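Before any comments, here is the structure.
Numbering (this note's numbering), first residue to last: 588 to 716.
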C-alpha cells in the first residue's frame, strides 16, 4: 500500500509542509490537532470543548484514511496549563476509555496561538480482520 496524505483542505498545509494525517500501510499518523471547530471556524474558549473538537477532527481524518478510533495505539496530549488536565482527561476517558492507547501528556508553555489550550496527536494501526 502506498503512502497517502489526508488533508483538511487548508492552504496552510502546503505552505508549511504538513498533512492532517499520513497513511502508510497499516499505520495512520495524525498530526497535532488543536480544538478548532471547523464547521464554524471558531476556537471555543474552554479546554473541554477544545478537546472534544480535537477528537472530532482526528476521527474524521482516521475515517478518511480507512481507520477507526479503536485503531489508535498511541496518543500524545499537550496542554498549556496544568489546571486543564482534569477537564482534558475527562474527555479522553469519554472518547478513549475502552480503547486505552499508550499515552503521554505534556504541559507546555504555549501552542501556536494564545487561544489554543490543547493539542492532540495520535498514531493508529489498522487491526487485522
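Ideal Cβ positions, reconstructed from N, Cα and C, are used throughout, including at glycine. Values in this document were obtained by computation on a predicted structure and should not be read as measured data.
Fill in: Per-residue burial, residue 649 [other beta carbons within 10 Å of its own, 16 or more giving buried]
buried
Fill in: First and last residue of the uninterrupted alpha helix (DSSP H) at residue 592
Note, residue 592: premise wrong, no alpha helix (DSSP H); beta strand (DSSP E) at 591–593.
Fill in: Proximity of residue 616 and residue 710 at Cβ, strictly below 8 angstroms
yes
Item to complete: On the DSSP bridge assignment, give the partners of residue 627 in chain order.
Response: In the DSSP assignment, residue 627 forms no beta bridge with any residue.
Worksheet item: Just reading off the beta strand (DSSP E) that residue 587 is part of, what are its end residues?
Response: For residue 587 there is no data in the structure shown, the boundaries of the chain being 588 and 716.
Practice prompt. Would you please state the rounded distance, in angstroms, between the beta carbons of residue 596 and residue 705? I believe it to be under 8 angstroms.
Written response: Not confirmed; about 22 angstroms, so no contact.
Worksheet item: What are the boundary residues of the beta strand (DSSP E) that residue 706 is part of?
Response: 705–712
Discussion item. Please state whether the Cβ-Cβ distance between residue 697 and residue 667 is less than 8 angstroms.
Written reply: yes
Fill in: CA-to-CA distance, residue 625 to residue 665, given in whole angstroms
20 angstroms
Worksheet item: At which residues does the alpha helix (DSSP H) containing residue 667 begin and terminate?
Response: Per DSSP, residue 667 belongs to no alpha helix (DSSP H) and is neither H nor E.
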